[in-house]
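Trainee:
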Amino acid sequence: MLSVKKILISFLSIAICTVLLFCTRTAPVDKDNVLARVGTKYLTIEEAQQSVPAFLLQQDSVGTLKNYRDEWIQQQVLLQEAKRLGLPQKKAVQKKLQKAQQEVLREALRKYIIASKKEELTISDEEARTYYQAHKKQFALDEEFVQFRHIRARTLKEARSAKQDLLGGVSWAEVAHKYAINPKSALDKAEQYWPISMALNDINIMNRYLNIIGQNEISPIQRVNGVYHFVQLIDSRAKGELPDLDWLLDKIKDWMVLNKQRRNFSSYVKNLYLKAKSNNEVETFNVTPTQTNPTTTFEDTLESNSTDE
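Using mature numbering (1 follows the signal peptide of the UniProt record, and there is no 0), the letters of the sequence shown map in sequence onto residues -27 to -1, 1 to 282.
1) Taking the runs of the alpha helix (DSSP H) that are 4 residues or longer, which of them lie wholly in the region 139 to 180?
2) Which whole runs of the beta strand (DSSP E) in the region 30 to 116 are 3 residues long or more, in chain order?
3) Just to confirm, is the Cβ distance from Glu117 to Ser209 under 8 Å?
4) Quick check: the Cα distance between Lys250 and Glu256, rounded to an integer number of angstroms?
5) Considering just the uninterrupted stretch of the beta strand (DSSP E) at Arg196, what are its terminal residues?
6) Exposed or buried, which one is Ser192 when buried takes at least 16 other CB atoms within 10 Å?
7) Just tell me which of Arg236, Gln49, Ser134 and Leu129 has its CA closest to the CA of Gln195.
8) Put Ser209 into one of helix, strand or coil per three-state DSSP.
9) So for Pro200, helix, strand or coil by DSSP?
10) Ignore the nearest five residues each way along the sequence and tell me which others in Arg125's own chain have a CB closer than 8 Å to its CB.
11) Are Ile207 and Gln71 touching if we call contact CB-CB under 8 Å?
12) Can you check whether the CB of Asn180 is closer than 8 Å to the CB of Gln205?
Dropping the structure here:
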């Protein structure tokens, strides 16, 4: 799985590209809300929060914002140096920036068109159920799926108390709120079914326990990276089984909405092209032999694409 740092760098790279293509904040609205400054550029708390995935903020808001701030500073220093060297004026760089800007604008148009037809592109529960009934075989599980509870506790004492409470009949919600490092995450994940290959695959020992413990059984407590873990298997679905429709309904609706959006935008693009052509804004010309590479021959192609046979 991607580390937190890699995720932050990925999101920051997107933000930096947007800054290069359009604009960036050169003066803070309120210095009390500023996380960092590099030259005349400022990073505000609001901008950082909007740029970071919500789940990272839920796990550790202070640490996540600090990491993002440090990466932002590094990227801004690099940008300053690139500008000092005059790289933005290089033709090759300008060409790449122009290409990136065009891509951003095309994507912005796609999102704008989809948003403007949001009501038309919705899928009802009934439509999703009808699709499921007509294509049941497509939804057969390709591996075992498991539903489980996972406790991450700060101390061994807390982990033992959590395990004892579960064995004693205390509700999962109460145990999670009392002992879990992130109660909301623990409760949310326990509501879902996970492919066994992906279930806690970043904590190898916990994944192994999920493969061998029985239903309602609780695993031994293990310390991993300074945190105490255990899992309890709640339910499992065998490979080849058909999952409950309620389990899949939202996923089916999401897939159908995406499919509907793709078809709708493809139709929009086609109509846009036809309109431009009818307005004499589009013209095509014949491709002649002189426009192709005269040095490329059939023999050359064969020689440059050896199959080692």
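By construction, the Cβ of each residue, glycine as well, lies at the ideal position given by its N, Cα and C atoms. These numbers come from a predicted model, not from an experiment.
Mentor: On the basis of the data shown:
1) 145 to 152 and 156 to 163
2) none
3) In the sequence shown, residue 117 corresponds to position 144, counting from 1. In the sequence shown, residue 209 corresponds to position 236, counting from 1. Taking C-beta atoms as the reference points, Glu117 and Ser209 count as a pair closer than 8 Å.
4) As a first step, residue 250 is located in the sequence shown; it is residue number 277 there, counting from the start. As a first step, residue 256 is located in the sequence shown; it is residue number 283 there, counting from the start. Approximately 7 Å, taken between the alpha carbons.
5) As a working note, residue 196 is residue 223 in the sequence shown. Residues Gln195 to Val197.
6) If you number the sequence shown from 1, residue 192 lands on position 219. Burial call: buried.
7) As a position in the sequence shown, residue 195 is number 222, starting the count at 1. Checked all of Arg236, Gln49, Ser134 and Leu129; the closest Cα to Gln195 is Leu129.
8) Within the sequence shown, residue 209 is the residue found at index 236, counting from 1. Ser209: strand per DSSP, three-state reduction.
9) Here residue 200 refers to the residue found at position 227 when the sequence shown is read from its first residue. Just to set this straight, residue 200 is Val in the shown sequence, not Pro. In the structure shown, Val200 sits in a strand (DSSP, three-state: E or B).
10) Looking up residue 125 in the sequence shown gives position 152. Contacts found: Ala153, Ile154, Asn155, Ala159, Val200, Tyr201 and His202.
11) Sequence index remark: in the sequence shown, residue 207 carries index 234 (1-based). Sequence index remark: in the sequence shown, residue 71 carries index 98 (1-based). No.
12) Your numbering for residue 205 matches position 232 in the sequence shown. Your numbering for residue 180 matches position 207 in the sequence shown. No; because the gap between Cβ atoms is not below 8 Å, this pair is not in contact.
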